[in-house]
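>
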Amino acid sequence: MALLNNWNDATNHERVELVFENRNKNYGAYVIRSKYNHRIVMAMVYSLTTVALAVGIPVLINKINESAANDKVVITTPVELSEPPPVDKTTPPPPPVEPPPPVQKTIQFTPPKVVKDEELEEPPPTQEEIKETTVSTVTQEGEEIVDLPPENPVVADPDEGKVFLVVEEMPEFPGGQEKMYDYIYKNFKYPAMARENGIQGRVYVTFVVDKDGDVKDAKVARGIGGGCDEEALRVIKSMPNWKPGKQNGRNVMVQYSIPINLTLK
0 MALLNNWNDA TNHERVELVF ENRNKNYGAY VIRSKYNHRI VMAMVYSLTT
50 VALAVGIPVL INKINESAAN DKVVITTPVE LSEPPPVDKT TPPPPPVEPP
100 PPVQKTIQFT PPKVVKDEEL EEPPPTQEEI KETTVSTVTQ EGEEIVDLPP
150 ENPVVADPDE GKVFLVVEEM PEFPGGQEKM YDYIYKNFKY PAMARENGIQ
200 GRVYVTFVVD KDGDVKDAKV ARGIGGGCDE EALRVIKSMP NWKPGKQNGR
250 NVMVQYSIPI NLTLK
C-alpha cells in the first residue's frame with residue numbers, strides 16, 4: 000500500500016487531482032488513473048476465486064463419487080421354512096376297495112303266448128323300450144353311471160405368469176453378487192460420446208429372472224444418457240442364466256433391480 004500511495008505513482012489520488020485540477024475530468028485518463036487501484040484489487044479477487052473453484056470442484060466431485068460407489072444392493076434375506084414331517088413308509092397302504100358293478104336297468108320280456116285280450120295281465124314292452132334297456136326276465140330300475148374324475152388330475156400352477164418382487168429364495172447370479180459386478184464391469188465398454196462429454200454417474204436397470212433362470216424384460220429405470228444406458232442394457236441381456244428364485248418350493252419369475260456406477264478414469 001505504501002507503494003500505491005507513493006507520489007511518483009501515476010495513480011496516486013492526490014497527484015491525479017492535482018494534475019487534472021481545472022481540467023475536464025470526464026477525460027479518459029482521469030478515470031483510468033483514479034480507478035486503477037480498485038480494478039487491480041478486484042482482478043486479484045476474481046483470480047483467486049477462479050483458482051479456488053478450479054481446485055475445489057474436482058475434489059468435491061471425487062468425494063461424491065466415492066460415497067456413491069460404497070452403495071450396495073440390499074437383498075432381503077429369505078426365511079427358511081421347516082421341512083414337513085417324514086412319511087411313515089413301513090406300513091403298506093390298504094388295497095383299494097373295488098365298488099360293486101352298477102345295476103343295469105332291465106325290462107321284463109315274456110315269450111309270446113296266444114291268449115285272449117281280457118286275460119292279458121301286462122302288455123309287452125314296445126320296440127323303443129327294448130332299444131334303450133336290457134332285456135331280462137324281470138323289470139328293475141338301474142343305477143345311473145357317473146363318469147368319475149381321473150385319479151391324478153393336473154393341478155394348475157397358482158403362480159403361473161406372476162412376477163414376484165421378494166420370494167423365499169431370491170435369484171442368484173452364478174458365483175454370487177460379487178461375480179455379477181465383476182462380469183458387468185469387465186464387459187462394459189464406455190461409449191465414446193459419454194467419454195468425450197465427461198458423462199458419468201449411476202444407471203439403474205431392472206429385469207426379470209424367469210423360472211429357467213433366463214434374464215429378460217431388461218429396462219433402464221433411471222439413466223444418464225450419452226450411450227451409457229444402451230450399453231448397460233446390452234451387458235445385462237448378455238449375462239448367463241441365473242439360479243431361479245423359488246416360492247413354496249416352485250420356481251417362479253422374480254423382478255430384480257441393480258445400480259451400475261460409471262466413473263471416468
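Anchor point for the sequence shown: position 202 equals 201 in numbering that gives the first Met the number 0, and the numbering is continuous, going up by one each time. Think of the CB as a built atom: it goes at the ideal place given N, C-alpha and C, for glycine as much as any other residue. Model, not experiment: these values are computed from the prediction.
Does the pairing of the segment 162-174 with the segment 195-204 give three or more beta-carbon distances under 8 angstroms?
Too few Cβ pairs lie closer than 8 angstroms, so no.
> How far does the alpha helix (DSSP H) with residue 183 in it reach, from first residue to last?
If you number the sequence shown from 1, residue 183 lands on position 184. Element bounds for residue 183: 176-186.
> Apart from the five residues on each side of it in sequence, which residues of its chain come closer than 7 angstroms, Cβ to Cβ, to residue 197?
If you number the sequence shown from 1, residue 197 lands on position 198. So the list reads 263, once near-sequence residues are dropped.
> Would you say the segment 221-231 touches the segment 180-196, given that touching needs at least three Cβ pairs under 8 angstroms?
Counting Cβ pairs under 8 angstroms, three or more are found: they touch.
> Measure how close the beta-carbons of residue 208 and residue 255 come, nearest whole angstrom, since I'm counting them as under 8 angstroms.
Within the sequence shown, numbered from 1, the residue matching residue 208 stands at position 209. Within the sequence shown, numbered from 1, the residue matching residue 255 stands at position 256. Rounded, the Cβ-Cβ distance is 6 angstroms, consistent with contact.
> If we ignore side chains and look at the alpha-carbon of each, how far apart do residue 165 and residue 223 end up?
In the sequence shown, counting from the first residue as 1, residue 165 sits at position 166. In the sequence shown, counting from the first residue as 1, residue 223 sits at position 224. One C-alpha to the other measures close to 27 angstroms.
> Return helix, strand or coil for residue 198, following the three-state DSSP convention.
The count along the sequence shown starts at 1 and reaches residue 198 at position 199. The answer is coil: DSSP assigns residue 198 none of H, G, I, E or B.
> If you reduce the DSSP assignment to three classes, tell me which class residue 35 lands in.
On the sequence shown, position 36 is the one that residue 35 refers to. Three-state result, residue 35: helix.
> So what does DSSP say about residue 209, is it helix, strand or coil?
For the purposes of this step, residue 209 is identified with residue 210 of the sequence shown, where counting begins at 1. If DSSP states are grouped into helix, strand and coil, residue 209 belongs with coil.
> Put residue 61 into one of helix, strand or coil per three-state DSSP.
The residue you call residue 61 lines up with position 62 of the sequence shown. In the structure shown, residue 61 sits in a helix (DSSP, three-state: H, G or I).
> On the DSSP letters alone, give me the boundaries of the beta strand (DSSP E) that residue 164 sits inside.
Here residue 164 refers to the residue found at position 165 when the sequence shown is read from its first residue. Element bounds for residue 164: n/a, residue is neither H nor E.
> As a quick exercise: from 253, 97 and 180, pick the residue whose alpha carbon is nearest that of residue 159.
Within the sequence shown, residue 159 is the residue found at index 160, counting from 1. Cα-wise, what sits closest to residue 159 is 253.
> So for residue 229, helix, strand or coil by DSSP?
Taking the first residue of the sequence shown as 1, we reach residue 229 at position 230. If DSSP states are grouped into helix, strand and coil, residue 229 belongs with the helices.
> Which same chain residues, not among the five before or five after residue 3, have their C-beta less than 6 angstroms away from its C-beta?
For this step, residue 3 is matched to residue 4 along the sequence shown. A caution first: residue 3 carries a pLDDT of 46, below 50, which makes its placement in the model unreliable, though a value can still be read off. Answer for residue 3: 36, listed in chain order.
> May I have the straight-line CA-CA distance separating residue 0 from residue 60, to the nearest angstrom?
Translated into positions along the sequence shown, residue 0 becomes position 1. Translated into positions along the sequence shown, residue 60 becomes position 61. A caution first: residue 0 carries a pLDDT of 43, below 50, which makes its placement in the model unreliable, though a value can still be read off. Distance between the alpha carbons of residue 0 and residue 60 is about 39 angstroms.
> Should residue 43 be labelled buried (16 or more other beta-carbon atoms within 10 Å of its own) or exposed?
The residue you call residue 43 lines up with position 44 of the sequence shown. Classification of residue 43: exposed, given that the 10 Å Cβ count is below 16.
> Residue 192 by DSSP, collapsed to three states: which one?
The residue labelled residue 192 in the question sits at position 193 within the sequence shown. In the structure shown, residue 192 sits in a helix (DSSP, three-state: H, G or I).
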